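For the sequence shown, my numbering assigns the number 1 to the initial residue and increments by one for each residue that follows. Don't be surprised by glycine CBs; every beta carbon is placed ideally from N, CA and C. As the structure is a prediction and not an experimental result, all values here were calculated from the model. Read through the structure below, which is laid out as structure tokens, and then see the notes.
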Amino acid sequence: MNAPDLRVMTDHLDELMTLLAVGRLGRYTAAAESLGVNHSTVSRRISSLERALGGRVMLRAASGWALTDLGQRAVEAAEKIEEAMGGLTDREQDHAAFTGTVRLGAPDAYSVHIAAPAMAGLLRRYPQLSIENISATQRARQVRSGLDLEVVVEKPEIRHATASHLTDYALRLYATREYLERNGTPQSASELSEHPLNYYVESVLTVDDLDRAVARLPRMRRGVASTNILAHVTATLAGAGIGLLPDYVARQDPRLQPVLAEEIAHPLSYWAVIRPDAMRNPAVEAVYRALAEAGPDEAGPGPTGQTQIAPGFS
């Protein structure tokens with residue numbers, strides 16, 4: 001079936017733009033909020049459009065609403081209309097295009113040190129936009145789960161989505177000066193076996209690249225093992241052992257000293273996972289662009305000159 005004809009597009013412009021909003025946001029309530037109408041108006045417009053097109057444009061899915069093939073073609077037509085209308089105004093000044101809520105899933109260290117500053121800058125530019133950040137260190141989800149954009153460690157293998165490289169970092173060993181003076185500074189990797197390691201709980205770690213980070217280390221007894229990097233950092237600062245920490249987090253706190261910096265470094269990358277339907281939303285695209293331009297160098301120290309670490313890191 002071809003795209004909707006010109007008569008349908010002109011007679012049902014409100015319905016088409018409503019479908020575009022639902023297709024981007026995945027939920028009637030979210031679309032209604034972005035359009036400034038109520039839920040029943042969205043439902044009525046979608047039903048009207050389906051009658052005009054002679055078929056279903058959306059089907060209920062586990063995480064909201066998904067476009068049918070007909071709905072996809074209708075959305076493509078709506079996007080062309082939106083693009084043409086956008087040429088009549090300065091899109092950079094059209095803050096109405098950047099409203100609603102964008103849900104971002106990301107590891108906590110990335111969320112706090114990279115995403116939060118980037119999102120703060122974006123919200124100053126588009127004050128009507130809202131960001132929800134769900135923190136977790138895990139593989140990219142194979143099915144849409146209510147998130148508009150995911151940031152994961154290591155390049156993911158995922159269907160029906162695009163993976164885009166964001167930035168690189170490394171895991172390195174750190175300890176406090178007091179700990180090293182009290183327990184001795186390792187001069188070689190073999191001497192690490194005399195020290196406890198603050199790192200993840202092996203049995204619940206689901207990211208292979210984070211698991212492989214300990215492969216070059218000798219067998220070390222565990223100090224504080226946790227699923228939360230806040231515990232790694234806090235335990236290391238408290239002198240509980242040597243921490244295997246993200247370099248862009250540790251280098252912000254002068255109390256943390258690198259250990260065997262020339263020998264031990266595990267390179268890692270952050271990747272954004274974006275599904276095509278989400279990227280049709282200008283607000284989601286704006287969030288992605290802000291993240292793509294950010295990086296570990298944007299992570300600044302707290303007001304005291306030391307890292308301000310929030311709970312839930314990864």
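- Annotation: the continuous alpha helix (DSSP H) that includes Y179 extends over R177 to N183.
- Assignment of V22 by DSSP, reduced to helix, strand and coil, places it in the helix class.
- In the three-state reduction of the DSSP assignment, D168 falls in the strand class.
- In the three-state reduction of the DSSP assignment, M17 falls in the helix class, which pools H, G and I.
- Within the same chain, P246, D247, Y248, L268 and P296 come within 7 angstroms of Y169 by CB-CB distance, once the 5 residues on both sides are set aside.
- Secondary structure of G105 (DSSP, three-state): strand.
- Closest option to P282, judged by alpha-carbon separation, among E262, L149, A175 and D209: L149.
- Closest option to G26, judged by alpha-carbon separation, among E293, A292, V284 and A294: V284.
- The DSSP-derived three-state label of Y199 is strand.
- Under the 10 Å beta carbon count, S34 is surrounded by 16 or more other beta carbons and is classified as buried.
- For H39, no beta strand (DSSP E) segment is defined; the enclosing uninterrupted segment is the alpha helix (DSSP H) at H39 to L53.
- Assignment of I131 by DSSP, reduced to helix, strand and coil, places it in the strand class.
- Residue state for R125 is assigned as helix, using DSSP reduced to three classes.
- Look at P156 here: in three-state DSSP terms it is coil, with no helix or strand label.
- The alpha carbon of P196 has as its nearest neighbour, out of L244, A213, D211 and R177, the alpha carbon of L244.
- Per DSSP, the beta-bridge partners of L244 are L173.
- Contact between the region 150-157 and the region 104-117 is present: 3 or more CB-CB pairs across the two stretches fall below 8 angstroms.
- In this structure V22 is in contact with I46, their Cβ atoms being roughly 7 angstroms apart against a cut-off of 8 angstroms.
- By the CB criterion at 8 angstroms, Y199 and G239 fall outside the cutoff.
- For the pair L16 and L49, the CB atoms are nearer than the 8 angstroms cut-off.
- Nearest C-alpha to Q257 among V273, L237 and H266: L237.
- Shown here, A161 sits in coil according to DSSP, grouped into three states, outside any helix or strand.
- Between A175 and V259, the C-beta gap is smaller than 8 angstroms, which places the two residues in contact.
- The Cβ atoms of A290 and G121 lie closer than 8 angstroms to each other.
- In the structure shown, L260 adopts coil according to DSSP, grouped into three states.
- Using a Cβ distance threshold of 8 angstroms, S193 and P156 do not count as a contacting pair.
- Beyond the five residues adjoining it in sequence on each side, L166 comes within less than 7 angstroms, by CB distance, of V151, Y270, W271, A272, L291 and A292 in the same chain, given in chain order.
- CA-to-CA, the gap between L147 and R103 works out to about 5 angstroms.
- The three-state secondary structure of M58, taken from DSSP, is strand.
- For L147, the three-state secondary structure derived from DSSP is coil.
- Apart from sequence neighbours up to five positions away, no residue of its chain approaches D11 with a beta-carbon distance below 6 angstroms.
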